[in-house]
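Step one of this worksheet: look at the structure below.
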Amino acid sequence: MKVEIREAGFEPFAEVSRYQTAMQAAGKFGAAAVFVGSMRDFNEGDTVEQMWLEHYPGMTEKYLEKISCDAMERWDLLDSFILHRVGRICPADAIVLVAVWSAHRAAAFEASRWLMEELKSRAPFWKKETLSEGERWVAKNTPG
Amino acid sequence: MKVEIREAGFEPFAEVSRYQTAMQAAGKFGAAAVFVGSMRDFNEGDTVEQMWLEHYPGMTEKYLEKISCDAMERWDLLDSFILHRVGRICPADAIVLVAVWSAHRAAAFEASRWLMEELKSRAPFWKKETLSEGERWVAKNTPG
Amino acid sequence: MSISIKFFASLREQLGRDDCELEAGTVRTVAEAWARATNDAAMPVNTLMALNMEYVDVDTPVSDGDEVAFFPPVTGG
Amino acid sequence: MSISIKFFASLREQLGRDDCELEAGTVRTVAEAWARATNDAAMPVNTLMALNMEYVDVDTPVSDGDEVAFFPPVTGG
């Protein structure tokens, strides 16, 4: 189980691949479900040039570790990995990666989705978008 | 949209990464959901040494293309990619990869799961397991 | 022309053959194609069938040039 | 010791400050900590609050050494 907040850009599928290799659980998991959220260049009718992602250092990690533990228990997962970007972000950059591994597919599908919903509704991150006319804070996340 | 049946082993996350780069839809998708099914070394209480995956050439591709088109329409996806292994498979090998891209996360989560369920319930593939005592055909897939 | 019959997986092994050709006009439905191709063997419960690579049922009519396939429940993914 | 107050994102910008310290014993609850730290500013609807990095509500008691944070709805992921 791992949770990481990172300022540098990342290639999400290379991260998953590396994490999975290091797990040394080959042959044990039958299912891996991976979600990647990326920055779109368009939001609420406007072209977005870049974004600033603020977080609450300490509480963010604590909250993500808590939901990871909750998911591990609730679905009998073999492992989980959450990686979230902060700082300055450009269109097409990966923002969030959630990956889970389990013996059977239902657990992986359900846990990955549940983790994303918990992350989006309660993890202390805030986005500020830069448009051509100026900056604006994103008011709230939409339910998934 | 792509469907591929392959005899050679593959590294699923490298495949997704390559496909996503070639899509040239960077900045358009906010969500990617990826599922990878791998061979476990244990099934129904027995250690499995290897597996043989048979398919119905022609019908398999046709069926996977049909469900990919159905998913694209039903969830307004930006793209989808299904890759499935056939032939001789060893424990820990990736068997199936399903990846979908969409503007928002609900579509990606729902479509990836729906595609896996449709694939497992109707795509013409058959698994034969090699145990230490001999071979057996897998009788049926369990619902997800 | 003729009607092409295919068997897959455990069904192929049980019957000891993977395909055969039936003379066109000798069978009218998928069920008749099964009977003719297997010498009236009982069809295992849960057998699935496809006509020209689309799922059908035993009552579906067959025509000259068709491909009919029989197979057990699928276990991919 | 003292009570540490933090503000994030749009709330931080509106208030023009990101943190401050309150003397211990001068406030009993999260609501009182807000009032003291903001000179009785009205709390925006939907403000979230955390005590020692766990979500709480305005009535939660605070003690010496605590960290209290106020922030708008979260928008990560």
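Residue numbers (our numbering), protein chains in the order written: chain P, 1 to 144; chain S, 145 to 288; chain Z, 289 to 365; chain G, 366 to 442. The beta carbon of each residue, even a glycine, is placed where N, CA and C say it ideally should be.
Under a three-way DSSP split, which group does residue i fall into?
i, result
"P/R40", "coil"
"S/L221", "coil"
"S/D214", "helix"
"S/K172", "coil"
"S/M167", "helix"
"Z/A338", "strand"
"G/T448", "Since the first and last residues shown for chain G are 366 and 442, residue 448 of chain G lies out of range."
"S/K122", "With chain S covering only 145 through 288, there is no way to say anything about residue 122 of chain S."
"G/P438", "coil"
"S/S276", "coil"
"P/K140", "coil"
"P/P12", "helix"
"G/F372", "strand"
"P/E7", "coil"
"P/R122", "helix"
"S/M195", "strand"
"S/A251", "helix"
"P/A94", "strand"
"S/R232", "strand"
"Z/A325", "helix"
"Z/S351", "coil"
Mind reading off the beta-carbon distance from residue i to residue j? Whole number of angstroms is fine, and I expect it under 8 Å.
i, j, result
"S/M183", "S/I239", "6 Å"
"S/A177", "P/F10", "18 Å between Cβ atoms; not a contact."
"Z/T363", "S/K284", "6 Å"
"S/L197", "S/V230", "5 Å"
"P/L77", "P/S102", "5 Å"
"S/M346", "S/D237", "Lying outside 145 to 288, the shown extent of chain S, residue 346 of chain S is not represented and no answer is given."
"G/D384", "G/S369", "7 Å"
"Z/M341", "S/G202", "6 Å"
"P/G37", "G/G442", "5 Å"
"G/V395", "G/L416", "6 Å"
Going by CA-CA distance only, name the one from the options that's closest to residue i.
i, options, result
"S/S276", "S/A170, S/D185, S/G231, S/M167", "S/D185"
"S/C234", "S/V192, S/A243, S/A255, S/R150", "S/V192"
"P/S17", "P/L97, P/R6, P/R136, P/T130", "P/L97"
"P/H55", "G/V421, G/F435, G/V423, G/T425", "G/F435"
"Z/N334", "S/S265, S/M216, S/G174", "S/S265"
"S/R218", "S/A255, S/M145, S/F173, S/G174", "S/A255"
"G/Y420", "G/P438, G/D384, G/R393", "G/P438"
"Z/E320", "Z/K294, Z/M289, Z/P349, Z/S290", "Z/P349"
"P/Q50", "P/P143, P/T142, P/V138", "P/V138"
"S/D190", "S/T274, S/P287, S/G288", "S/T274"
"P/I5", "P/Q20, P/P143, P/N43, P/H84", "P/H84"
"Z/P332", "Z/T317, Z/W322, Z/A338", "Z/W322"
"S/N187", "P/G27, P/Y19, P/T142", "P/G27"
"P/T60", "P/V3, P/E15, P/Q20, P/P143", "P/V3"
"P/P12", "S/T165, S/T286, S/A152", "S/T165"
"P/A25", "P/P143, P/R136, P/G144, P/V100", "P/V100"
"P/E7", "P/T142, P/E15, P/R88", "P/R88"
Do residue i and the ligand ADP come close, with the Cβ less than 7 Å from some heavy atom?
i, result
"S/F154", "Absence of the ligand ADP from the depicted structure is noted, as is the absence of any ligand whatsoever, leaving it without description."
Contacting positions in the segment 93 to 105 of chain P - beta carbon closer than 8 Å to chain G: I95, V96
For the segment 101 to 108 of chain P against the segment 401 to 417 of chain G, do three or more pairs of beta-carbon atoms, one drawn from each stretch, fall closer than 8 Å, so that the two count as touching? no
Quick one: which residues of the segment 162 to 181 of chain S get their C-beta closer than 7 Å to a C-beta of chain P? List them in chain order. A170, G171, K172, F173, G174, A175, A176, A177, V178, F179, V180, G181
Counting Cβ pairs closer than 8 Å, one from the segment 292 to 309 of chain Z and one from the segment 258 to 276 of chain S, do we hit at least three? yes
With a threshold of 8 Å, are at least 3 pairs of Cβ atoms found where one atom belongs to the segment 62 to 78 of chain P and the other to the segment 110 to 120 of chain P? yes
Would you call the segment 386 to 402 of chain G and the segment 429 to 437 of chain G touching, i.e. three or more CB-CB distances under 8 Å? yes
Taking a Cβ distance cut-off of 8 Å, strictly less, list which residues of the segment 108 to 130 of chain P are near chain G, in chain order. M116, L119, K120, S121, R122, A123, P124, F125, W126, K127, K128
When Cβ atoms are compared, which residues of the segment 305 to 325 of chain Z fall closer than 7 Å to chain S? none
Please list, in chain order, the residues of the segment 42 to 54 of chain P that have any C-beta partner in chain G closer than 9 Å. L53, E54
Please name the residues in the segment 147 to 160 of chain S whose beta-carbon is closer than 9 Å to at least one beta-carbon of chain P, in chain order. E155, P156, F157, A158, E159, V160
Between the segment 202 to 215 of chain S and chain Z, which residues of the former have a C-beta closer than 7 Å to a C-beta of the latter? G202, M203, K206
If the cut-off is 9 Å on Cβ atoms, which residues from the segment 341 to 365 of chain Z count as contacting chain S, listed in chain order? M341, E342, Y343, E355, A357, F359, P360, P361, V362, T363, G364, G365
Of the residues that make up the segment 290 to 305 of chain Z, which ones have a beta carbon closer than 7 Å to any beta carbon in chain S? F296, A297, S298
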